[in-house]
Structure formats: structure tokens, C-alpha cells
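Number of protein chains: 2
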Amino acid sequence: MFKKKIIIIEDQEDLRYSFELIINGSDQFFVHQTYPDAEEAIKEISKTKPDIAMVDLELPGMNGIEAIRQIKEKSPKTECVIVTVYEDSNLVFEGLKAGAGGYIIKNANYLEIIRALEEISKGGAPMSSQIARMVIQNFHVNPNSPLSPRETDVLKLIAEGKSYTQISEELFISKETARSHIKNIYVKLNVNSKSEAISKARKDHLI
Amino acid sequence: MFKKKIIIIEDQEDLRYSFELIINGSDQFFVHQTYPDAEEAIKEISKTKPDIAMVDLELPGMNGIEAIRQIKEKSPKTECVIVTVYEDSNLVFEGLKAGAGGYIIKNANYLEIIRALEEISKGGAPMSSQIARMVIQNFHVNPNSPLSPRETDVLKLIAEGKSYTQISEELFISKETARSHIKNIYVKLNVNSKSEAISKARKDHLI
DNA sequence: TTAATATCACGCAGAATGAGGGATATAGAA
DNA sequence: TTCTATATCCCTCATTCTGCGTGATATTAA
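Going down the list, the sequences are from chains A and B. One gets the working numbering by counting positions in the first sequence from 1 and adding 1276 to each. One gets the working numbering by counting positions in the second sequence from 1 and adding 1276 to each.
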């Protein structure tokens, strides 16, 4: 079994060093390179192609979110792990959206760090249950929707790019009824086109 | 501090009983009612309005996914916890999408059960890192997209319901260029309308 | 030096859109 | 009981949008 190649992007020297020590002390991982900022790491990422990149979110210059985005773009197979002090912030969530596979808090101990890396390696996603909740909340629907059930049905089809005609066919109603629902949706959401309706619906998790 | 009201929907009598014992033994939760199937529980849910509903996924009659959907519809504040034997199945994932806030595996011990309920109570989402990964994968973009970056930009706007004209305006290109990109997208995705493109894009996480 | 990307152009027939004006029936709330 | 919300259906109008066909050019990456 080969050891997994890891890079560390972290501006605090002490942390960089202690992470390196911990990881190199394990028999499953080794640190290929450490960087105090993201720019240099990203420049080399196509060559280094590490298995895992540990990325601090608070970096000088390019921030960690953008760094993760670019790493995933240039080396999609590299798993990114967020390293952060803020355990339950929106930043972590943004990082996950940008492509990170999990996160480690900065004051994690030896065991926690290695276990997080192991989980990432075998396809898991280490994260606290608070973050997990934020994540799943993202595809829960808003129970306080102003729309009626039927209007919600229609809106879903609008969001799929369906035309009036297609909506009427799929819901077994006349085209006029579909248009009527859509007009009511526009009034309720205070918009006046399909695209605006979709943006608003997504923003408010109406669908 | 009031104890949180819990209902249990579980067809296996022994499990129902042991969950009840464990929960009633805690000082934070109490079991209001247990049900061997979802139908009865849902009929009463508007009246019982429990803080937490523990829902088995494999139920006779209505399955757990549908049960969760209906519970969240009729009593949105009730937190649903999936109870399952299959730790890492797609079913759990579907349950989370339907509105569950986390899950408990059936052979969890006393401590694990109480801890999961506590996490749910304080807004967390108990789940294994494998499930967490499935969940976050859902808003990661597919790195093997056949589309070029520009085409992806265009597709995103299509998915927002934007017209050719609007797309051209937002991307500062001519309408003809937008149409050109869209035509190329259709060829690559093997579709021939915006709505088909959107479905395919969502299915394959292209956007 | 090909292939892919990104940009731009024109014409056409038919469909879709948003805005305006209506109607009817049911069910539930005030 | 009257009002409101919901869900269904109908018509017209001017404008825009769509998909298809058939091109072109410049840059860049393999």
C-alpha cells in the first residue's frame, strides 16, 4: 500500500510544522510539500497532484475558498480538507460548496487529524453535526412557502425549463390554467418572469 | 427545562420497546407514543406535534421516506430522525432529502441514541461521514463535465430560466454567440431544448 | 497542425411569453 | 354568510424567443 501524498496550505508556521510532523509520523500519509499561501501551491498543483490538500480558510492573498475551487479545477482527484479555527461558520459551508470533502479544526489532536484524513481517503466526509445540518438544510424545502401546493408543482416545472405547454401537459391541465398559476406565482413572489421566479424560489428554498 | 416529546414509528416490537426504555430513562426526552406503522402516526401528527419523530425506513404500508415527507408537511417543527439498519444506503440519503435531520442506526447503543437525539435537539445533524459525503457530493460539480467553461456559464444561466437575449447581456456577448454556445451544449449533451439540457445538467451535476 | 474553444452573422417558421381582460366552482375562514 | 384562497378554464395582442440551417474568424491547446 502506497502512502497518500499530502500538501498543506497554511500561513501559520507552527501549525504547518506540527501538521507535518503528525502526518509524517503516520504510516498512511506523507507530506509532500507545505505552503504559506495558496498561489504557489496552485501553480504547482498540476504537477504535484496530491491525494489530499489541507487548506486553511484564512490565508494571506487568495482565500481558502477560492484556493479549493482552483485546486478542484486543476486537479479534480485531489481531495481538499478545510483547516479552520471557526468550527461552525458559514465559511466552512462555502468551502464544502467549493469542493472540499470535509474539514479539520485547528486544535484537533493527533488522532482526530489522522482519523479525518482516513475518512477522506475512504470516501467519507469528516464534519461536525452542526455543519452537516447546514449542509442538509440546503436541500430541505421551506415549510413557510407562500405558494399553494399546485403553484409549487408548477414552479418546479418552470425551474426545469418547461414551457407553458409542457407544464400543462405534465400536470394534465389546460395551458390557460398553467398560465393562470404562473401569473399568481408572479404576484406572490413579486416577480414578472420565469427566470426571476426561479432565482427567488432557489434563494428561498421554495423548491 | 421541559422534556422533549418523542414518537417512535418502528414495526419491530422489540426495537420499539427498547428505544422507548432507553429514551424514557433519559432526563431530556420522553416517549409520547409508539406506532408499528406510519399511517396512524401521521393521522395524529397535527395533534401530537412531537419535538422528534424517530422513523424506521423499512415499514409495512407507507415507507419511511413518504412518512417523513408527510410529517414535515403537517408538522414542520417536528424533527425527523431516520432509524435504519443500512448505515450507508441511498435510502438514508433520500430520507434526508425528504426532510429528516439525521439518522440513527438500529444497533446503536444507549449512549449513541441519546447523543444523536441531543444533537438533533440543538440543531445538529447526526450522520456518518459516509452519508455526509453523499450529501455534500450533491452540490459539488462534476469535474468530468464535457462542457467548456464558457458553455457551463451559459448553461447556468439557462438553468435560471434566462433567455438568449438575457444570457448575451449578462455575459457581454452577442445574442448569436449565446445561441452558438447553446447549440454546442445541445450537441454535447445530446438534447434539443433548454429544459432537456437543464434536466441532464442537474442529473449529472454539471452545474 | 488538427481539434476545441469562443466569438459573431442572417433568415425562417412557429412557439412561447407577459399583460390585459374575463369566468366558474369549491372549500375554508372571518 | 360573506369573503378569500385555490384551482380550473377561456380569449386577444404585440413582441420575443426558439431551434435549425449554414456559415465565418481568431486563439489556444494537444
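Cβ atoms here follow ideal geometry from the backbone N, Cα and C, with glycine treated the same way.
A distance below 6 Å between beta-carbons, with the five flanking residues on each side excluded, links B:Gly1378 to the following residues of its chain, in chain order: Val1357, Ile1396, Ala1401, Pro1402, Met1403. Among the residues of the stretch 1433-1446 of chain A, those with a Cβ less than 8 Å away from any Cβ of chain B are Ile1434, Ala1435, Glu1436, Gly1437, Lys1438, Ser1439, Gln1442, in the order of the chain. Residues of chain B with a Cβ closer than 8 Å to the Cβ of A:Gly1400 are, in chain order, Ser1404, Ser1405, Gln1406, Ala1408, Arg1409. Spatial neighbours of B:Ile1389 in its own chain (CB-CB distance under 8 Å, excluding positions within 5 residues in sequence) are listed in chain order as Phe1295, Ile1298, Ile1299, Ile1380. Note: A:Tyr1379 is bridge-paired with A:Ile1358 in the DSSP secondary-structure output. The beta carbon of A:Gly1340 does not come within 8 Å of any beta carbon belonging to chain B, so the residue lies off that interface. Within chain A, the residues placing a beta-carbon under 9 Å from that of B:Ser1475 are Glu1436, Gly1437, ordered along the chain.
Boundaries for B:Gln1288: no beta strand (DSSP E) harbours it, and the DSSP string shows neither H nor E there.
Interface annotation, A:Gly1371: not in contact with chain B, CB-CB separation never under 8 Å. Taking all protein chains in view, the Cβ of A:Arg1345 is crowded by 16 or more other Cβ atoms within 10 Å, so the residue is classified as buried.
Identification of chain A residues near B:Ser1471 by a Cβ-Cβ cut-off of 9 Å yields Leu1433, Glu1436, Gly1437, Lys1438, Ser1439, Gln1442, ordered along the chain. Annotation for B:Phe1448: no alpha helix (DSSP H) segment contains it, and DSSP assigns it neither H nor E. In this chain, the alpha helix (DSSP H) harbouring A:Ala1314 covers 1314-1324. DSSP places B:Ala1329 inside the beta strand (DSSP E), whose first and last residues are 1328-1332. Straight through space, the alpha carbons of A:Gly1337 and A:Ser1351 are spaced by roughly 21 Å. For B:Gln1309, the enclosing beta strand (DSSP E) starts and ends at 1305-1311. Within the stretch 1384-1418 of chain A, the complete alpha helix (DSSP H) segments at least 4 residues long are 1386-1397, 1405-1413, listed from N- to C-terminus. In the three-state DSSP reduction, B:Ile1282 falls in the strand class (E or B). Judged by beta-carbon spacing, A:Leu1393 lies within the 8 Å limit of A:Phe1305, meaning their Cβ atoms are closer than that value.
Judged by DSSP in its simplified three-state form, A:Asp1429 adopts helix. DSSP places B:Ile1347 in the helix class (H, G or I) of the three-state scheme. Interface criterion not met: the Cβ of B:Glu1427 is under 8 Å from no Cβ in chain A. Comparing alpha-carbon positions, the option among A:Gly1399, A:Ala1473, A:Ile1407 lying closest to A:Leu1372 turns out to be A:Ile1407.
Proximity to B:Ser1456 across B:Ala1477, B:Lys1432, B:Leu1482, B:Arg1426 peaks at B:Arg1426, based on C-alpha coordinates.
Collapsing the DSSP output to three states places A:His1481 in coil. Your pair A:Ala1317 and A:Ile1283 checks out as a contact, with CB atoms roughly 6 Å apart and the cut at 8 Å. In the three-state reduction of the DSSP assignment, B:Gly1437 falls in the coil class. The continuous alpha helix (DSSP H) containing A:Gly1371 extends over residues 1366-1374.
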